[in-house]
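Notes to accompany the following structure.
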Amino acid sequence: MFAPHILKAKELLDADYIGDPSSIRIKTAIGATGGWKVPESANEWRKDPDMIGGTEKGSPVLLDNGWHAFALASWLFGEEIEKVFAWTGNYKGLDAPAYVMFKYQQSREHVIPQYGHMEFSLMPEMQIPSKYYPTDEFIEIIASRGIMKINQGTSIGNLMSNSEIFAPIVITRDGKVETYENFNKDWKNSFIGATKHLIDVAKGNKEPILSGEDARKILKFNLAAIKSAQISKEVVLDSFI
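The working numbering puts the sequence shown at residues 22 to 262.
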């Protein structure tokens with residue numbers, strides 16, 4: 022959320038640069054190798070359902086990894102979620118691949134009703150060069166006037182970032198293609214930005230980008246998706262406890 026290109030994307034959306042957003046697709050690609058070495062002991066808590074949370078077997082992908090995507094979906098559009106439907110597979114104890122479809126509440130009038138989709142894909146033979154986890158994220162937003170593609174998250178700054186087709190932000194609008202590339206491309210900047218923001222909020226200099234109440238609503242959205250996958254039905258958040 023605090024990655025420089027993500028903040029710029031939010032700024033452009035809030036400025037109505039591509040019009041009124043109608044749909045979002047967030048794709049998380051989870052590779053096998055290429056990132057830092059994680060000691061097995063660091064993953065133990067993810068294997069404990071009581072610690073990781075979610076289903077009785079635990080939800081390491083949809084809850085631990087996925088929370089960030091759920092937060093982005095709400096924050097980027099500035100709307101809460103009305104209902105959600107999800108499906109998850111199971112691969113070596115992981116609740117993935119996973120697919121989540123959802124409908125936004127319409128707290129204000131929009132050109133077109135807003136919907137979204139998340140996909141958590143596993144690539145057990147894929148190497149993703151990364152200073153961190155061998156994972157990356159891609160976001161596509163369709164709006165009334167244009168299309169925005171946000172490329173990379175966790176692994177931004179790797180070899181893919183050197184390719185023109187993976188510019189951090191690509192916008193198609195008014196018959197033209199625009200790219201935004203002048204960013205500090207390192208995942209660590211999102212943590213640095215978040216820490217600085219926390220300090221500013223603690224000092225009373227800024228309002229939090231997400232409040233405690235916002236966090237509760239995002240968690241409810243996340244848990245409702247997990248419940249939907251369990252019961253194979255859509256879950257309406259107003260009736261979900």
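We put the CB at the ideal spot given by N, CA and C, even for glycine.
Beta-bridge partners of M139, as assigned by DSSP: Here residue 139 refers to the residue found at position 118 of the sequence shown. Per DSSP, I47, V121.
Inter-stretch contact (C-beta, 8 angstroms, three-pair minimum) for the segment 181-193 and the segment 201-219: yes
Endpoints, beta strand (DSSP E) assigned at I102: For this step, residue 102 is matched to residue 81 along the sequence shown. First-last of the beta strand (DSSP E) with I102: 102-109.
Exposed unless 16 or more other CB atoms sit within 10 angstroms - verdict on P155: Reading the sequence shown from its first residue, position 134 is the one you call residue 155. Buried.
Buried/exposed call for N64, threshold 16 Cβ in 10 Å: Start at 1 with the first residue of the sequence shown, and residue 64 comes out as number 43. Burial call: exposed.
Straight-line gap, K227 to K217 (C-alpha atoms, nearest Å): Within the sequence shown, the letter at position 206 stands for residue 227. Within the sequence shown, the letter at position 196 stands for residue 217. Rounded to whole angstroms, K227 to K217 spans 11 angstroms at the Cα level.
Nonlocal neighbours in the same chain, by C-beta distance under 8 angstroms from P70, ignoring five residues either side: Walking along the sequence shown from the start, residue 70 turns up at place 49. Here the set comprises T76, E77, K78, G79.
Own chain residues within Cβ distance below 6 angstroms of L143, not counting five before or after: Locating residue 143 in the sequence shown gives position 122, where the first residue counts as 1. Excluding sequence neighbours, L143 sits near I51, Y112, A117, P118.
Neighbour-count burial assignment, E185, 16 or more Cβ in a 10 Å radius: Taking the sequence shown and counting its residues from 1, the one referred to as residue 185 is at position 164. E185 comes out exposed.
Opposing strand residues paired with D195 [DSSP bridges]: Translated into the one-based positions of the sequence shown, residue 195 becomes position 174. In the DSSP output, where bridge partners are listed per residue, D195 has none listed.
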